[in-house]
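Counting in our numbering, the sequence shown runs from 1 upward without gaps. Ideal placement from N, C-alpha and C gives every residue a C-beta, glycine not left out. This report refers to the structure that appears directly beneath it.
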Amino acid sequence: MAADTQTLLQQRFDAPLPDYQPRRIIFWYDENQDYAQELAAYQLNNVVTLTVTPNNYFAIKYQLEVQQPTQNFLLYLPMNRPEPQSDPLHDIYLYSQPEFHVDRLSQVLDELHVADQDAYRGTLLVYKSFFENKQRQRSLVALLQNETEITPDKLTLGIFLVLVGGKQFSFANGLIYLLAEWAQEKAAAWQKLVRFGSVKWFWQQVSQEFNYQAEQPSLADLACALFATKTAAEFNDKVPKNWQNMLLRPANNTIVFIDQWQNARDLTTEYEVVANRVSDLLRITAFTRGKSVDFLAQGNTFAAYDVALITLVAQQLTEGSILYDDYELQLIKRRTVFWNDHFQACYRALIQAIHLLRSLASLTIDATTVPALWQQYQEQLMQLDQVYRKFYRAFDQISEPNDELRALQQKVEHFYTDGYLQPLAQRWDSLIGTELPLTSALTTTAFYSKKVTPLVNDKRRVFVIVVDALRYEIASQLQDELNLNQHFDTQLEALEGTIPSYTDLGMAALLPHQQIALNTKGNIEVDGQLSAGVENRQRILTQELPDLKVTAQTAKSILAANRDQLRQLYKGTDVNYIYLDTIDARGDNAKSEDEVFAAVDLVLQQLQELVGTLARYVSATNFFITADHGFLYTRQALTKLDKIAQPAGIVHKRRFVINTDKHVAGNTHTFALSGLTPRNLAVHVPAELLRYAVQGGGSKYVHGGTTLQEMMVPLLTIKTERNAQSPQQVEVVLLTELTTVGSYNLTLSFIQIQPVSNLRRSKRILVYLEDAAGKTISNQITLIADYHNDSIQQRILTGKLIITNDISPRYQQGTLVIANAADPADRQRQTISLDLPEIK
């Protein structure tokens, strides 16, 4: 013990001196003289130890102030501290360092630099057992060290937080950890509170914060009261009658407590555990039965609301409800609720299902010419393929779709196939002729001469990125995403791909060439050179463009290269082809064809990274992104009625056969391949959506035929603009006139100044109130400003703030904070006057 005490004293003397203090003087009162004998054994560096008695007051004072004015002193006084008016050393005591105490509370207060420690002696008596453990003592110091002012109340709160494992200095934080432990049917923290803390103090704090009163209080009862109160507020008190006795009034503090808990991202797990346990106790699932979509959409406390809402919307869509706009509005609002991360895939799937069903409800495919239907698909109909893809991308991310979602999936599948794909294919087949090309659009075989050659002649370096199976609708989405970056200027047009629309021929057509041939083995050659594979395409480029420096690379190798490698590779080049094969690689494999839409998402990321990397590292300014062909995909497997017998041929796939037989069979298109050597070749394509019957799986994903999805090839032209500014976020301003707040409930309206566009991005804002000290005193509103509407009246956002009912004083200056969730530096602060009534 002597060594511990000596160490504590030495640490006190070795600590940095306060400003303008040349030395340290420490008083140590020991009324019972418990340390008188061991004090003689202490060896304190650079410290003179003096024992003070009533007989040497003035001698010691003379020594300290006259003889040794810069020396450190430990003054040991074997007596009780005298009253100031009878203490000859009181003037020295006033400018000395904090008095030294040996008890553990005093050690804590010493470390926290608390000068007047007498006010804390009662805390030592109540929590004596707490201070018997050094680890708890160290944890308490660590928790309190950032507090600007230490008070007995803060010390007591700190003790509570150490016992229950709180991470932030607030009672609410400690309460959360207690509730989380209870929800997991554990009690370690509660037992610590019982043994080393004060349960009485805890329930007093609960009563003070939430007005919770119970003859036999318990954490279970408290949790149910808190969450039931929040639910009652969400549903305007339309809750079960047997909840009435547990509701906490006034409800403001409870609402703000739950809301702030939901918005504390480091406490997400704790919230979910407690909410799910309380949901079972309150029988929330039973409460949701029979409720409407609009009613359920008001709640965000429990996951059961989302489950019920998703189930109900899916069921009503399947049964034929046409309240598409109403449903979509409610589903979009779920983006800001706590449980969205768990259910966002469900909501995205429902929204895409709504888009598809709404579009099909008014769909007419009545074009009477090839150019008209080509244009209609390019500008409008391709969006249905995009929506279908996004539906399944979301649906596949739902871990366990319930029966209602699976029933909706079947409806989406049926409506997409029978209500759109089949009618479109029938109309297209009725319009196209018997000779190639089928349209007046630029063909992929003319791509190089018409698009690349003019740039090369103008001494511009060109990058051609060829994506296997990049369907037109995917390129349209890529364009939208690239347009969000003002450094790119994009233009999308449609090329007529090769017939048959398959990889070998489609890739060859995009290269510079004089003649494309099919050899006896069924392989494509460009001017006598095999065209399959990147190495062969490099040879073709070198052969066809002898006066230019050319490259052919895989996207994988480019994305793996560093800046210096890329600069070396593309130094002085003229024409550069890059090949990306992700979609076709996934789709052409029977085991992975259902992953084709996931592959599309990956390709969209890869293409943006590829363009950005080349623009940034090698100053690339001219890009073409195109494809060899598109594809057809339906999730539902085909039946025998969807397949026809396949004739023999040189090349044969599910959607075409190449041979020399120009006889036209039933349910088949036959075209002479005049652009392919030898000139006697013909291609046979099953009509509409039919496939040739081929053994094995893999018939959901196909290409090679003449449908618009297969043969319309995108050409996305991209030019980089180096001096362009990045798009700004939309501006959001408060519409409500707000100078004085006289109510605890406050509805605010905001207006999104600009619509979302290529020039303006969406913005997520957080809105809350602070008191004069900067403490948050309300819930937090989350608003997403992402309206595209041109009408400003359609770009109004609203939210409701609830102010805590224990704010003090009720008359003070406050601040309305409007913060950008993506940029902490972007926040508007509006000073307001709080003039709140007393809550009785």
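Start and end residues, alpha helix (DSSP H) containing residue i
i, result
"asparagine 457", "453 to 457"
"leucine 331", "324 to 333"
"serine 619", "No alpha helix (DSSP H) holds serine 619; DSSP gives it neither H nor E."
"proline 423", "422 to 431"
"tryptophan 182", "171 to 183"
"tyrosine 388", "382 to 395"
"valine 733", "Here valine 733 belongs to no alpha helix (DSSP H); instead the beta strand (DSSP E) covers 732 to 734."
Distance, residue j Cα to residue i Cα
i, j, result
"alanine 469", "serine 430", "25 angstroms"
"arginine 795", "glutamine 754", "9 angstroms"
"glutamine 10", "asparagine 45", "7 angstroms"
"histidine 414", "leucine 317", "13 angstroms"
"valine 651", "glutamine 553", "27 angstroms"
"proline 84", "glutamine 145", "30 angstroms"
"leucine 161", "tryptophan 201", "13 angstroms"
"leucine 219", "leucine 175", "9 angstroms"
"leucine 267", "glutamate 38", "50 angstroms"
"serine 476", "phenylalanine 169", "51 angstroms"
"glutamine 925", "lysine 390", "Shown here, the chain extends from 1 to 840; a query on residue 925 therefore has no answer."
"phenylalanine 171", "isoleucine 802", "20 angstroms"
"glutamate 379", "leucine 424", "14 angstroms"
"threonine 285", "lysine 291", "11 angstroms"
"glutamate 404", "glycine 698", "28 angstroms"
"asparagine 523", "serine 726", "47 angstroms"
"asparagine 242", "glutamate 234", "17 angstroms"
"tryptophan 190", "valine 102", "30 angstroms"
"glutamate 209", "glutamine 137", "27 angstroms"
"aspartate 326", "serine 399", "26 angstroms"
Counterpart residues of residue i in DSSP-defined beta bridges
i, result
"threonine 49", "Leu74"
"glutamate 496", "Thr443 and Met712"
"asparagine 659", "Ala682"
"histidine 669", "Val685"
"leucine 834", "Val741 and Gln812"
"histidine 652", "Val657"
"phenylalanine 488", "Thr720"
"asparagine 805", "According to DSSP, which records beta bridges pairwise, asparagine 805 is partnered with nothing at all."
"threonine 798", "Ser749"
"isoleucine 644", "Tyr692"
Boundaries (first-last residue) of the beta strand (DSSP E) holding residue i
i, result
"valine 462", "462 to 467"
"lysine 154", "Run containing lysine 154: none in the beta strand (DSSP E); it sits in the alpha helix (DSSP H), 152 to 164."
"aspartate 527", "Taken as a continuous stretch (DSSP letters only), aspartate 527 belongs to no beta strand (DSSP E), as it is neither H nor E."
"leucine 518", "516 to 518"
"glutamine 553", "550 to 554"
Helix, strand or coil at residue i according to DSSP, with G and I counted as helix
i, result
"threonine 364", "coil"
"arginine 12", "helix"
"leucine 638", "coil"
"asparagine 605", "Contrary to the premise, residue 605 reads as glutamine rather than asparagine in this sequence. Glutamine 605 falls in the helix class under three-state DSSP."
"serine 749", "strand"
"serine 871", "This structure gives no information on residue 871, because the portion of the chain shown stretches from 1 to 840."
"arginine 406", "helix"
"arginine 277", "helix"
"glutamate 770", "strand"
"methionine 1", "In this predicted model, methionine 1 has a pLDDT of only 44, less than 50, meaning its place in the structure is not dependable; the value taken from the coordinates is given anyway. Coil, per DSSP."
"glutamate 413", "helix"
"phenylalanine 235", "coil"
"tryptophan 243", "helix"
"arginine 764", "strand"
"lysine 289", "Note that residue 289 is arginine in the sequence shown here, rather than lysine. It is coil, neither helix nor strand."
"tyrosine 787", "coil"
Review point. Counting Cβ pairs, one atom from each stretch, are 3 or more of them under 8 angstroms apart for the region 560 to 575 and the region 612 to 627?
Key: Contact holds between the region 560 to 575 and the region 612 to 627, because three or more Cβ pairs, one in each stretch, are under 8 angstroms apart.
Exercise for review: Could you tell me whether the region 414 to 430 touches the region 363 to 373, where touching means 3 or more Cβ pairs closer than 8 angstroms?
Suggested key: Judged by pairs of C-beta atoms under 8 angstroms, the region 414 to 430 touches the region 363 to 373, as three or more such pairs exist.
Review point. Does the region 504 to 517 come close enough to the region 676 to 683 that 3 or more CB-CB pairs lie under 8 angstroms?
Key: Counting Cβ pairs under 8 angstroms, three or more are found: they touch.
Exercise for review: Examine the Cβ distances between the region 777 to 789 and the region 753 to 769 and report whether three or more of them are shorter than 8 angstroms.
Suggested key: Contact between the region 777 to 789 and the region 753 to 769 is present, with at least three C-beta pairs closer than 8 angstroms.
Review point. If we count Cβ pairs, one from each stretch, closer than 8 angstroms, do we get three or more for the region 434 to 450 versus the region 582 to 601?
Key: The count of Cβ pairs closer than 8 angstroms, one atom from the region 434 to 450 and one from the region 582 to 601, stays below three, leaving the stretches out of contact.
Exercise for review: Decide if the region 704 to 711 is in contact with the region 648 to 663; the criterion is three or more beta carbon pairs, one per stretch, under 8 angstroms apart.
Suggested key: Result yes; three or more Cβ-Cβ pairs closer than 8 angstroms.
Practice item. Count the CB pairs spanning the region 131 to 145 and the region 176 to 187 that are closer than 8 angstroms, and state whether there are at least three. Key: Fewer than three beta-carbon pairs drawn from the region 131 to 145 and the region 176 to 187 are found closer than 8 angstroms, and the two stretches are therefore not classed as touching.
Practice item. Inspect the CB distances between the region 797 to 815 and the region 740 to 747 and report whether three or more fall short of 8 angstroms. Key: With the cut-off at 8 angstroms, the region 797 to 815 and the region 740 to 747 touch.
Practice item. State whether the region 73 to 92 contacts the region 14 to 33, with contact taken as three or more CB pairs (one from each stretch) at a distance under 8 angstroms. Key: Result yes; three or more Cβ-Cβ pairs closer than 8 angstroms.
Review point. Taking contact to mean at least 3 C-beta pairs separated by less than 8 angstroms, is the region 321 to 332 in contact with the region 369 to 378?
Key: By the Cβ test, the region 321 to 332 is not in contact with the region 369 to 378, since fewer than three Cβ pairs between them sit closer than 8 angstroms.
Check your understanding: Taking one C-beta from the region 657 to 673 and one from the region 686 to 703 each time, how about it: are there three or more such pairs within less than 8 angstroms?
Key -> Put simply, the region 657 to 673 touches the region 686 to 703. At least three CB pairs are less than 8 angstroms apart.
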